[in-house]
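Residue 22 is where the sequence shown starts when you use the numbering used here, and the numbers rise one by one after that.
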Amino acid sequence: MKNRKHTIRLIKLYKKWYILLTVSLLLTLLVSFLTSTSFLKDTEMKMLDYRFQLDPTPEKADTNIVIIAIDDSSLDFFSENGISWPWPRSFYGYVVNYLTDAGARSVIFDMQFYEKDIEREETTADETDNIFANAIKNNGKVYLGVQLLKDANETHSKIYEFSVDDQQIDLPPFQGIRAPIAPFLLNNKSIGVINTEPDNDGLIRKVSLLFKLKEHYFAQMAYRVWLDQYEDSDIVEIPVDDNGDYLLNWYGKNAFRTYPFRALISSASAYVNDNKPIIPLEVLYNKHVIFGATAAGLYDLKSNSYSKVIPGMEIWATALSNYINHDFITTIPCWFNFLLTLLIVFLIMYLISNFLPKKANIIILLLLVLVLFTNFFLWKLYRIQLNFTMQIFGFIISYLLINTLSYLLEGKSRREIRKIFTRYLHNDVIKQLEDDPNKVQLGGKEINATVLYTDIYNFTTLSETKTPSELVYDLNEYFKTLIDFVFQYEGLLDKYTGDGIMALFGAPIERKDHALLACCAAFEHKKLREELEMKQELTAIDNLHLQTRIGINSGPLVAGNIGGEKRMDYTAIGDTVNLAARLEGVNKLYQTNIIISQATYEQIKEKFICRELDSLMVKGKTKPTCIYEIIDERTGETNTSKYEWIEIYKQALEFYREGKWQEAGELFQELSEEPYNDNASQVLLTRCMYLMEFPPKQWDGVLKLDVK
């Protein structure tokens, strides 16, 4: 009878959970629909603007981007000298020549040169245009802006040589183009589209990467420069939305170094006359120099998320800096925002229906703070944009609705059911049983895999001068790099072991190259360590990497969900795991950083240059194992003569095992001195000297470790 009552109560409990989840789902669907309306979409864009205003990052803007502004002071300067706007094109030729001598990386004009220069009394249009055209040709890195038009027009055939037809996407086509005149078009490096399309409120938040002109595709200005100068060496996916638009990551006001045009042309004049320029050549070396207008009367002012007035060329400066430094905004997919809102709605409804109002409201307030903090935290650190409007809207609607429903539903009954539920089942176990009952079964599977252990030598000494917060920060940064190497080669982070980690390769997905992957991950760290050894000033995190020891072993082990019903972890156990941990510690004995077992060595010897260090027998085992140190990777360019010393070590080791300690010691002595300075040889030399003085009764060449 009791069992029957419990069964009935559990059935009622599950029905109420299903009702709660169903209502949450329907409510989230409503919120999703409402936030897809133009009004709430605009609201979310305003939320994005507030993010930029609250957290400007001018320090992240690329310092190799320089803006040359045609500002009011430059207009006034030339006007006072009898030169009105538009200025002679020869002016641009003079400054481009100066940038050529300075070694600027690119010269970008966010300006219109669609018609010939005007005739003047002292010069003709052809003369000034030719001066500019020759400067463009001599520089070889000049990018000129083009504007695409809805209406068809005639244009120079040279235009289509600058197309990027290998990057086709479905875009509405333009029919015409306003391009620079032929003398410029025939001599510039490339062209970039400078069309911009503001949002409904007039703010520029996005730029298209590509534009379609009839059947051809052209790159937006900053994207064109990046394609030419960075694409081959910088494999990165620039995020765009379904319309092919890129969301700009603004840096804030005064993010880019800006000089007035008058300062640049004065510098060019001073340089030609052997005087000291205002803007020295070295300031412009390897810089992307962008020309554009900031003067109010020239009508190239835009509005963006943090300012109602910005010069147009700052759009391209921002976009180029984004592309070069991968300063991208990560816009979370709609489905993830939906699930996050569903979770929020569900939690609010659950709290109000299962707790007393006062307690529920306190928890909901804390939840709101958590949502606000999470949104700001993800934005500030990673520029991740969650749909904040959707979350808050979900908060408000669900809170109002559930408070109304709570008068209709039996809160007291829900709390009673919760007591029964908690009394007999653990929440985590129940959820796992709902998803997949097989996931909570104990046991595992025997597989062949490779285990990698790390540890920091002398960590106590390194950390004793640190405060707890400093120590945690250093370890987090240290682990971040270490784990990246593991993940890079498809390893599984099994656990943290204080100041080290244990990683598995070949589990849970079995694969034959597990040993190679583990050694590749270790070798990545070895390369990092070699780079750090060349640094003059080391950080605390650098020192942690320099003191890292790695042990690797391959073989059979048992892997699977191991633990009790309330908590299980995917891990591995067995002698293979134990030996990997022991080898990590053996590094201390030989003053090395990476030691691998013979089982691992046999699987990677064709890919890595290794040297056999020694033969040892760990405590609790009856068979010795040879241990190896990874020296370098084998490539077609590997200089094998560089590692002839390994053969010397090999010969010394043979003498050592044969009991010829005098001969072995002489070779180890050679390797322990300049130019080799081999730590392991010094260790073996000391051992040979000891053995010569206290020879053992029986000698098999195996070192027996008496401690674990």
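All residues carry an ideal CB built from backbone N, CA and C; glycine is no exception. Being a predicted model, the structure only gives us computed values, none of them experimental.
Could you check where the alpha helix (DSSP H) with residue i kicks off and where it finishes?
| i | result |
| --- | --- |
| residue 489 | 489–509 |
| residue 113 | 110–123 |
| residue 755 | Here the chain has residues from 22 to 729 only, and residue 755 is not among them. |
| residue 374 | 355–375 |
| residue 693 | 682–693 |
| residue 548 | 535–554 |
| residue 71 | 59–75 |
| residue 567 | 561–567 |
| residue 204 | 203–206 |
| residue 672 | 666–678 |
If residue i sits next to residue j, beta carbons under 8 Å apart, how far is it from one beta carbon to the other, in whole angstroms?
| i | j | result |
| --- | --- | --- |
| residue 204 | residue 154 | 4 Å |
| residue 152 | residue 111 | 4 Å |
| residue 373 | residue 424 | 6 Å |
| residue 498 | residue 562 | 5 Å |
| residue 234 | residue 195 | 5 Å |
| residue 89 | residue 338 | The pair is not a contact, with the Cβ atoms about 11 Å apart (cut-off 8 Å). |
| residue 157 | residue 209 | 5 Å |
| residue 535 | residue 470 | 5 Å |
| residue 548 | residue 651 | Between residue 651 and residue 548 the Cβ distance is about 11 Å, and since that is not below 8 Å, they are no contact. |
| residue 420 | residue 74 | Not a contact, Cβ separation roughly 28 Å. |
| residue 280 | residue 300 | 6 Å |
| residue 475 | residue 605 | 7 Å |
| residue 63 | residue 400 | Actually they do not touch by this definition, with Cβ atoms about 19 Å apart. |
| residue 514 | residue 507 | 6 Å |
| residue 44 | residue 370 | 7 Å |
| residue 224 | residue 325 | 6 Å |
Spell out the partners DSSP gives residue i in its beta bridges.
| i | result |
| --- | --- |
| residue 167 | 214 |
| residue 514 | 524 |
| residue 410 | None, per the DSSP bridge assignment. |
| residue 105 | Answer by DSSP bridge pairing: none, since residue 105 is not bridged. |
| residue 310 | 87 and 128 |
| residue 725 | 638 |
| residue 632 | 650 |
| residue 580 | 466 and 593 |
| residue 323 | 331 |
| residue 730 | Limits of the chain in this structure are 22 at one end and 729 at the other, which puts residue 730 out of reach. |
| residue 472 | 525 and 574 |
| residue 232 | 239 |
| residue 477 | 569 |
| residue 351 | 405 |
| residue 194 | 233 |
Can you give me the start and stop residues for the beta strand (DSSP E) that residue i sits inside?
| i | result |
| --- | --- |
| residue 199 | 197–199 |
| residue 91 | 86–91 |
| residue 240 | 237–240 |
| residue 281 | 278–281 |
| residue 380 | First-last for residue 380: 378–403, but that is the alpha helix (DSSP H), not the beta strand (DSSP E). |
| residue 229 | 227–229 |
| residue 267 | 266–268 |
| residue 618 | 615–618 |
Using CA atoms only, rank isn't needed, just tell me which of the options is closest to residue i.
| i | options | result |
| --- | --- | --- |
| residue 579 | 528, 621 and 602 | 528 |
| residue 617 | 524, 472 and 145 | 472 |
| residue 713 | 683, 720, 702 and 703 | 683 |
| residue 512 | 148, 524, 686 and 105 | 524 |
| residue 564 | 554, 365 and 572 | 554 |
| residue 418 | 38, 56, 39 and 40 | 56 |
| residue 648 | 681, 287, 694 and 724 | 724 |
| residue 624 | 612, 532 and 551 | 532 |
| residue 384 | 577, 81 and 416 | 416 |
| residue 200 | 168, 250, 400 and 500 | 168 |
| residue 248 | 282, 283 and 187 | 187 |
| residue 139 | 118, 119 and 105 | 105 |
| residue 367 | 354, 189, 422 and 349 | 422 |
Say yes only if the C-beta of residue i is nearer than 7 Å to one or more non-hydrogen atoms of the ligand SAH, and no if none qualify.
| i | result |
| --- | --- |
| residue 316 | Of the ligands one can find in the structure shown there are none, so the ligand SAH has no counterpart to examine. |
Mind checking if residue i is an interface residue toward chain B, Cβ cutoff 8 Å exclusive?
| i | result |
| --- | --- |
| residue 266 | Judged by its chain identifiers, the structure shown contains no chain B, having just a single protein chain. |
ask   = Taking contact to mean at least 3 C-beta pairs separated by less than 8 Å, is the stretch 342–357 in contact with the stretch 311–318?
value = The stretch 342–357 makes no contact with the stretch 311–318; the number of CB pairs closer than 8 Å stays below 3.
ask   = Can at least three beta-carbon pairs, one atom from the stretch 225–237 and one from the stretch 262–274, be found at a separation below 8 Å?
value = yes
request  = Taking 8 Å as the threshold, find out whether the stretch 319–334 comes into contact with the stretch 199–219 through three or more Cβ pairs.
outcome  = yes
query = Is the number of C-beta pairs between the stretch 624–631 and the stretch 535–542 that are closer than 8 Å three or more?
reply = yes
Any 3 or more C-beta pairs closer than 8 Å across the stretch 564–571 and the stretch 474–493 = yes
message = For the structure I just gave you, are there three or more beta carbon pairs, one from the stretch 411–419 and one from the stretch 52–66, closer than 8 Å?
response = yes
inquiry  = Under 8 Å, with one C-beta from each stretch per pair, do the stretch 111–130 and the stretch 301–309 reach the 3-pair mark?
reply    = yes
The stretch 182–201 in contact with the stretch 280–298 per 3-pair CB rule at 8 Å = no
query = If you pair each beta-carbon of the stretch 664–677 with each one of the stretch 591–600, do three or more pairs fall below 8 Å?
reply = The stretch 664–677 vs the stretch 591–600: no contact.
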